[in-house]
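Colleague: Mapping of the sequence shown onto mature numbering (1 follows the signal peptide of the UniProt record, and there is no 0): residues -21 to -1, 1 to 251, in sequence order.
Even glycine gets a Cβ: it sits at the ideal position worked out from N, Cα and C.
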Amino acid sequence: MKFFRPLFVFLLLQIPLSAIASGQAELTWYGHAAFKLTTPAGKVLLIDPWLTNPANQNGKDDLAKLEKADLILITHGHFDHVGNSAEIARKTGARLVSTFDLGKAIAQYGGYPEKQMGFDTMGNFGGELTLLDGEVKIAFIPAIHSSTVMAPDGSADKDIHDGGNPGGFLITVKNGPTIYHTGDTDVFNDMTLIRQFGKVDVMLACIGGHFTMGPERAAEAVRLVKPGMVVPMHFGTFPVLDGTVGNFAKALKKLGGKSRLHEMKVGETLKL
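1) Within the chosen definition, does the region 106 to 122 reach the region 79 to 97 through at least 3 CB pairs nearer than 8 Å?
2) Grab the span of the beta strand (DSSP E) containing Ile150 for me, first residue to last.
3) Going by C-alpha to C-alpha distance, which of Val224, Gln3, Val76 and Ala230 sits closest to Asp202?
4) Pull the bridge partners of Met208 from the DSSP assignment, please.
5) Distance, Cα to Cα, Phe214 vs Leu220?
6) Within 10 Å of its beta-carbon, does Gly2 have 16 or more other beta-carbons around it, so buried, or fewer, so exposed?
7) Looking at the structure shown, is Leu(-9) part of a helix, part of a strand, or coil, going by DSSP?
8) Which residue or residues does DSSP assign as beta-bridge partners of Met129?
9) Excluding five sequence neighbours on each side, which residues of the same chain lie with their C-beta closer than 6 Å to the C-beta of Ala(-1)?
10) How would you call residue 253, buried or exposed, if buried means at least 16 neighbouring beta carbons within 10 angstroms?
11) How would you call Glu247, buried or exposed, if buried means at least 16 neighbouring beta carbons within 10 angstroms?
12) Determine, using beta carbons only, whether Arg196 comes closer than 8 Å to chain C.
13) One question on the structure: do Ile67 and Ile120 come within less than 8 Å of each other, judged by their Cβ atoms?
14) Straight-line CA distance for Pro194 to Met212?
15) Out of Tyr159, Lys39, Gly222 and Asn63, which has the shortest C-alpha to C-alpha gap to Phe190?
This is the structure in structure tokens:
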């Protein structure tokens, strides 16, 4: 035993301290397009945080219990993506990651604290931000959709404001995965460029149809991006979003490819 003890200590010293200290990245789905990403170092990113969407029966409790958020990422200005961001920001102090046009509109009309946004966390397509002391890199990816902002107490036909251009995010986590959140979009051929700058581990793909690409077009998007795993989102929240995971699976199988489909349940946390 005395021989093995120094050997164990020697082997332990060969392991990088970062590997000992770091945990796993975790991804939680709140339904619709709302996700929480927790990095191995414990930083919390929220993406399109409409926690109280109709698909999430525990939405009010999830919102009440959420005490920590470092960054809030918003893909575009529609209410179902801006969601509960202003309330969460006021409670947690989270900084906004968005385009400048969208950030200004959300601050002016959506109630997001303007002091919690700025040059450090706002950018535009083609740009990439390094945030949280290097814990994450976030690249702005275009999307084919629209983007308007409506004041929380405004009416849909009288109080609509320009929200800039819609987009998605490519999030690279230190000691963790690279995640592509498509936002609301149709498939477009330039999606092939995303993987030229690095492998995508997880693709969060809208499949609902009507306002975004449906299952068949989403499967084509997966073929272009070639992620290790694809998680379907933005379906079933409203009756018109009638794209199903079953049809998405059939379309993926028809196109072939090696991307693994993982159907998350609302409230599920996936360790990455």
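Modeller: Checking against the coordinates, here is how it stands:
1) no
2) Here the beta strand (DSSP E) through Ile150 covers Gly146 to Val152.
3) Before going on, a small fix: residue 202 reads as Arg here, not Asp. Considering only alpha carbons, the answer is Ala230.
4) Val181 and Arg239
5) 5 Å
6) exposed
7) With a pLDDT of only 44 at Leu(-9), under 50, the local geometry of the prediction cannot be trusted, and no value is derived from it.
8) Ile139
9) In this predicted model, Ala(-1) has a pLDDT of only 44, less than 50, meaning its place in the structure is not dependable; the value taken from the coordinates is given anyway. Closer than 6 Å at the Cβ level, and outside the excluded window around Ala(-1), lies no residue.
10) This structure leaves residue 253 out entirely; the chain is present only between -21 and 251.
11) exposed
12) In summary, chain C is missing from the structure at hand, where a single protein chain is found.
13) no
14) 11 Å
15) Per the Cα distances, Gly222.
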